[in-house]
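A.B. asks:
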Amino acid sequence: MIHAELFLAFFIPNIIGYGGGPAIIPLIEAEVVGRYGWMSGQEFAEILALGNALPSPIATKMAGYVGYEVAGTGGALVAVFATVVPSLLLMLGTLGLLYRHRDSPRVKRMSQWVRPVIAMMMAWLVASFFMEGVDGAGLAHTLLIAAAAAIALLRFRTHPAFVVLGALLYGAVMLG
28 MIHAELFLAF FIPNIIGYGG GPAIIPLIEA EVVGRYGWMS GQEFAEILAL GNALPSPIAT
88 KMAGYVGYEV AGTGGALVAV FATVVPSLLL MLGTLGLLYR HRDSPRVKRM SQWVRPVIAM
148 MMAWLVASFF MEGVDGAGLA HTLLIAAAAA IALLRFRTHP AFVVLGALLY GAVMLG
């Protein structure tokens, strides 16, 4: 039963999600945290932060980790399979159709309508992570880490892995 739940938890977001890993992360969180309760929102946020610091697509890393935590190696294989194979088949099936009609105004409008939806989903994810940070570490620490991360990323163009590492070190020293 757990393997079927793992399959559905990653299959559904990857089939209905459009826009790659960042666009489906809120959908995966809704399944993993909200629907099945396999981990807390804080644990999901930490896994997401570490996963973003590593190379390769985020959705497959999240699937592998969550699947392994829930049901061992078999769970990891099921979750990664549910993440990769359906999207690959759907992409191969529709790629020819979209390529044939790439200059169509309808296809261009469809792409423009999807972008705001993805932006709103990402904003919701950021807001929920922010609120969990405030609940766990307090407003001052959360704002300090957010400001330092924004400055490091935007002003100094620091690699995100170093920003995550710096936030982890700050948390270990100041909050641990």
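Under the numbering used here, think of the first position of the sequence shown as 28, with each following residue one higher. Using N, Cα and C, we set each Cβ at its ideal position, and we do this for glycine too. A quick note: this is a predicted structure, and the numbers were derived from the prediction, not measured.
According to DSSP, simplified to helix, strand and coil, what is PHE183?
C.D. replies: coil
A.B. asks: Out of curiosity, what's the CA-to-CA distance linking TRP65 and LEU75?
C.D. replies: 15 Å
A.B. asks: Output needed for LEU116: all residues of its chain with C-beta closer than 6 Å, excluding positions within five of it in sequence on either side, in chain order.
C.D. replies: none
A.B. asks: Mapping the DSSP letters down to three states, classify ARG129 as helix, strand or coil.
C.D. replies: Note: ARG129 maps to coil in three-state DSSP.
A.B. asks: Does the pairing of the segment 126-140 with the segment 47-60 give three or more beta-carbon distances under 8 Å?
C.D. replies: no
A.B. asks: Pick helix, strand or coil for TYR63, following the three-state DSSP scheme.
C.D. replies: coil
A.B. asks: Exposed or buried, which one is LEU166 when buried takes at least 16 other CB atoms within 10 Å?
C.D. replies: With fewer than 16 Cβ atoms within 10 Å of its Cβ, LEU166 is classed as exposed.
A.B. asks: Spatial neighbours of ALA72 within its chain, please: CB distance less than 7 Å, with the 5 preceding and 5 following residues excluded, ordered by chain position.
C.D. replies: PHE156, GLU159.
A.B. asks: So ILE55 packs on MET89, CB below 8 Å; how close in whole Å?
C.D. replies: Correct: roughly 6 Å between the Cβ atoms.
A.B. asks: Within a Cβ cutoff of 8 Å, which residues of the same chain sit near LEU84, ignoring the five residues on either side of it in sequence?
C.D. replies: Checking the displayed sequence, the identity of residue 84 turns out to be Pro instead of Leu. Result list for PRO84: GLY47, GLY48, in chain order.
A.B. asks: Can you round the beta-carbon distance between GLY163 and GLN69 to whole angstroms, since I take them to be within the 8 Å contact cut?
C.D. replies: 6 Å
A.B. asks: On a CA-only basis, which of LEU195, PRO132, GLY203, MET149 is nearest ALA57? Give me that one, please.
C.D. replies: MET149
A.B. asks: Does the Cβ of PRO187 have 16 or more other Cβ atoms within 10 Å, making it buried, or fewer, making it exposed?
C.D. replies: exposed
A.B. asks: Buried or exposed: which applies to VAL59, given that a residue is buried once 16 or more other Cβ atoms fall within 10 Å of its Cβ?
C.D. replies: buried
A.B. asks: Quick check on SER138: does DSSP put it in helix, strand or coil?
C.D. replies: helix
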